[in-house]
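In short: position in the sequence shown from 1, add 2, done, that's our numbering. Backbone N, C-alpha and C define an ideal beta-carbon position, used for all residues, glycine too. Down below is the structure, laid out as C-alpha coordinates.
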Amino acid sequence: GAKTFKNIIEVQAGSYLWSDYEFSVDVLPKQGFDRNLMFRVTNNRTSLWSLDLPIAYGLHMYDNHIWLQKFTASAGLEPVNLAVSLPINVASKIIVRAQANNFNVYINDLQHKVIDYTDTNNPILNGKIGLIITNGAANITEVWFDNIVVSDIPTLPALPSLNVPYLSQLNP
3 GAKTFKNIIE
13 VQAGSYLWSD
23 YEFSVDVLPK
33 QGFDRNLMFR
43 VTNNRTSLWS
53 LDLPIAYGLH
63 MYDNHIWLQK
73 FTASAGLEPV
83 NLAVSLPINV
93 ASKIIVRAQA
103 NNFNVYINDL
113 QHKVIDYTDT
123 NNPILNGKIG
133 LIITNGAANI
143 TEVWFDNIVV
153 SDIPTLPALP
163 SLNVPYLSQL
173 NP
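As C-alpha coordinates, then:
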(Lines of atoms letter the chains of each structure in order from A and count residues from 1; the text may use other names and numbers.)
(Lines give C-alpha, C1' and ligand atoms only; values in the text may rest on other atoms or scores of the structure.)
Protein backbone atom coordinates (compact mmCIF):
# COMPACT_ATOMS: atom_id res chain seq x y z
CA GLY A 1 0.00 0.00 0.00
CA ALA A 2 0.97 3.60 -0.34
CA LYS A 3 -0.16 6.83 1.26
CA THR A 4 0.64 10.23 -0.17
CA PHE A 5 0.77 13.70 1.31
CA LYS A 6 2.62 14.80 -1.84
CA ASN A 7 1.12 15.57 -5.23
CA ILE A 8 1.98 12.20 -6.76
CA ILE A 9 3.49 8.78 -6.13
CA GLU A 10 4.21 6.70 -9.23
CA VAL A 11 5.74 3.32 -10.05
CA GLN A 12 6.17 1.75 -13.49
CA ALA A 13 7.01 -1.78 -14.62
CA GLY A 14 7.54 -3.61 -17.88
CA SER A 15 8.81 -2.57 -21.27
CA TYR A 16 8.11 0.38 -23.54
CA LEU A 17 7.90 -2.23 -26.32
CA TRP A 18 4.92 -4.13 -24.84
CA SER A 19 1.97 -3.95 -27.20
CA ASP A 20 -1.06 -6.20 -26.63
CA TYR A 21 -1.49 -7.41 -23.06
CA GLU A 22 -3.83 -8.01 -20.16
CA PHE A 23 -3.07 -6.15 -16.92
CA SER A 24 -4.86 -7.05 -13.69
CA VAL A 25 -4.46 -5.71 -10.17
CA ASP A 26 -6.36 -5.86 -6.88
CA VAL A 27 -7.11 -2.33 -5.68
CA LEU A 28 -8.01 -1.65 -2.05
CA PRO A 29 -8.78 2.05 -1.43
CA LYS A 30 -8.31 3.03 2.22
CA GLN A 31 -8.94 6.80 2.12
CA GLY A 32 -9.04 9.66 -0.33
CA PHE A 33 -10.04 9.59 -3.96
CA ASP A 34 -7.23 9.58 -6.48
CA ARG A 35 -6.21 6.06 -7.44
CA ASN A 36 -4.90 5.45 -10.93
CA LEU A 37 -3.78 2.60 -13.16
CA MET A 38 -1.77 3.47 -16.24
CA PHE A 39 -1.14 1.38 -19.33
CA ARG A 40 0.70 1.88 -22.60
CA VAL A 41 3.00 4.17 -20.58
CA THR A 42 5.60 5.86 -22.79
CA ASN A 43 8.94 7.41 -21.79
CA ASN A 44 7.56 10.91 -22.49
CA ARG A 45 5.93 13.17 -19.88
CA THR A 46 3.27 15.86 -19.76
CA SER A 47 2.58 18.55 -17.16
CA LEU A 48 -1.19 18.65 -17.33
CA TRP A 49 -3.34 19.60 -14.34
CA SER A 50 -0.18 20.70 -12.44
CA LEU A 51 0.99 17.06 -12.34
CA ASP A 52 4.01 15.42 -13.96
CA LEU A 53 2.33 12.48 -15.73
CA PRO A 54 3.45 9.96 -18.33
CA ILE A 55 2.01 10.09 -21.82
CA ALA A 56 -0.23 7.03 -21.56
CA TYR A 57 -3.76 5.76 -21.00
CA GLY A 58 -5.08 5.65 -17.48
CA LEU A 59 -7.97 4.61 -15.30
CA HIS A 60 -8.81 7.27 -12.74
CA MET A 61 -10.99 5.78 -10.00
CA TYR A 62 -13.11 7.25 -7.22
CA ASP A 63 -15.36 5.21 -4.95
CA ASN A 64 -18.35 5.92 -7.22
CA HIS A 65 -16.85 6.72 -10.64
CA ILE A 66 -14.24 5.59 -13.17
CA TRP A 67 -12.69 7.52 -16.04
CA LEU A 68 -10.67 6.20 -18.96
CA GLN A 69 -8.08 8.88 -19.64
CA LYS A 70 -5.56 9.53 -22.40
CA PHE A 71 -2.61 11.80 -21.73
CA THR A 72 -0.76 13.33 -24.67
CA ALA A 73 1.91 16.03 -24.74
CA SER A 74 -0.74 18.73 -25.04
CA ALA A 75 -4.01 17.31 -23.70
CA GLY A 76 -5.64 15.21 -21.05
CA LEU A 77 -8.71 13.55 -22.52
CA GLU A 78 -11.44 11.57 -20.76
CA PRO A 79 -13.20 9.69 -23.56
CA VAL A 80 -15.13 7.44 -21.15
CA ASN A 81 -16.55 8.13 -17.70
CA LEU A 82 -19.22 6.24 -15.83
CA ALA A 83 -20.65 5.55 -12.42
CA VAL A 84 -19.36 2.37 -10.76
CA SER A 85 -19.04 1.12 -7.19
CA LEU A 86 -15.45 0.95 -5.90
CA PRO A 87 -16.02 1.70 -2.20
CA ILE A 88 -13.44 2.48 0.46
CA ASN A 89 -12.15 -0.63 2.29
CA VAL A 90 -13.45 -3.04 -0.37
CA ALA A 91 -10.94 -4.71 -2.70
CA SER A 92 -11.76 -4.87 -6.41
CA LYS A 93 -9.88 -6.67 -9.16
CA ILE A 94 -9.42 -4.33 -12.12
CA ILE A 95 -8.58 -6.00 -15.45
CA VAL A 96 -7.45 -4.03 -18.52
CA ARG A 97 -7.13 -5.64 -21.95
CA ALA A 98 -5.18 -3.50 -24.38
CA GLN A 99 -5.26 -4.93 -27.89
CA ALA A 100 -4.20 -2.74 -30.80
CA ASN A 101 -6.29 0.42 -30.35
CA ASN A 102 -9.09 -1.25 -28.36
CA PHE A 103 -9.31 -1.20 -24.57
CA ASN A 104 -11.62 -3.28 -22.40
CA VAL A 105 -11.90 -2.78 -18.66
CA TYR A 106 -13.50 -5.29 -16.31
CA ILE A 107 -14.24 -5.13 -12.59
CA ASN A 108 -13.76 -8.30 -10.52
CA ASP A 109 -14.02 -10.80 -13.40
CA LEU A 110 -14.22 -11.05 -17.16
CA GLN A 111 -18.03 -11.18 -16.98
CA HIS A 112 -18.34 -7.54 -15.83
CA LYS A 113 -17.03 -5.37 -18.67
CA VAL A 114 -17.48 -1.70 -17.80
CA ILE A 115 -15.49 -0.08 -20.64
CA ASP A 116 -15.08 -1.01 -24.30
CA TYR A 117 -13.29 1.82 -26.08
CA THR A 118 -11.53 2.06 -29.44
CA ASP A 119 -9.12 4.98 -29.89
CA THR A 120 -9.20 6.16 -33.49
CA ASN A 121 -7.21 9.35 -32.89
CA ASN A 122 -3.48 8.61 -32.93
CA PRO A 123 -3.60 5.70 -30.44
CA ILE A 124 -0.68 4.82 -28.19
CA LEU A 125 0.20 1.26 -29.27
CA ASN A 126 3.07 0.32 -26.93
CA GLY A 127 4.14 0.87 -23.36
CA LYS A 128 4.61 -0.17 -19.76
CA ILE A 129 2.12 -0.36 -16.89
CA GLY A 130 2.01 2.08 -14.01
CA LEU A 131 0.39 2.67 -10.63
CA ILE A 132 -0.18 6.27 -9.54
CA ILE A 133 -1.64 7.87 -6.45
CA THR A 134 -2.32 11.60 -6.42
CA ASN A 135 -3.93 13.84 -3.82
CA GLY A 136 -5.66 16.29 -6.11
CA ALA A 137 -9.18 15.71 -4.78
CA ALA A 138 -8.22 14.86 -1.19
CA ASN A 139 -5.44 15.97 1.11
CA ILE A 140 -4.53 12.39 1.91
CA THR A 141 -5.02 9.41 -0.38
CA GLU A 142 -4.17 5.84 0.58
CA VAL A 143 -4.63 2.81 -1.65
CA TRP A 144 -3.17 -0.69 -1.61
CA PHE A 145 -2.28 -2.49 -4.84
CA ASP A 146 -1.74 -6.27 -4.81
CA ASN A 147 -1.58 -9.28 -7.14
CA ILE A 148 -0.32 -7.32 -10.14
CA VAL A 149 -0.24 -9.57 -13.21
CA VAL A 150 0.60 -8.75 -16.82
CA SER A 151 0.09 -11.48 -19.40
CA ASP A 152 -0.55 -12.15 -23.04
CA ILE A 153 -4.17 -11.82 -24.05
CA PRO A 154 -5.70 -15.31 -24.09
CA THR A 155 -6.68 -16.46 -27.56
CA LEU A 156 -9.10 -19.14 -28.59
CA PRO A 157 -7.76 -22.08 -30.60
CA ALA A 158 -8.46 -21.95 -34.33
CA LEU A 159 -11.52 -23.85 -35.41
CA PRO A 160 -10.85 -26.88 -37.62
CA SER A 161 -11.93 -26.63 -41.21
CA LEU A 162 -14.82 -28.95 -42.03
CA ASN A 163 -15.31 -30.63 -45.38
CA VAL A 164 -19.06 -30.48 -45.82
CA PRO A 165 -20.46 -31.64 -49.16
CA TYR A 166 -22.67 -29.26 -51.09
CA LEU A 167 -26.31 -30.33 -50.78
CA SER A 168 -29.22 -28.82 -52.65
CA GLN A 169 -32.80 -29.73 -53.43
CA LEU A 170 -32.25 -28.44 -56.95
CA ASN A 171 -29.07 -30.45 -57.62
CA PRO A 172 -29.36 -34.14 -56.74
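Boundaries of the beta strand (DSSP E) harbouring P31: 23-33, taken from the DSSP string.
Within the same chain, Cβ atoms closer than 7 Å to the Cβ of P89 are found at D65, the five residues on either side in sequence being excluded. For G78, the enclosing beta strand (DSSP E) stretches over residues 78-85. About 5 Å separates the beta carbon of D118 from that of N106, a gap short enough to meet the 8 Å contact definition.
Checking the DSSP bridge columns, you'll see S153 partnered with E24.
The Cβ-Cβ distance between V152 and I135 does not fall below 8 Å.
The criterion of a C-beta distance shorter than 8 Å is not satisfied by L19 and I96. For the pair T120 and N137, the CB atoms are not nearer than the 8 Å cut-off.
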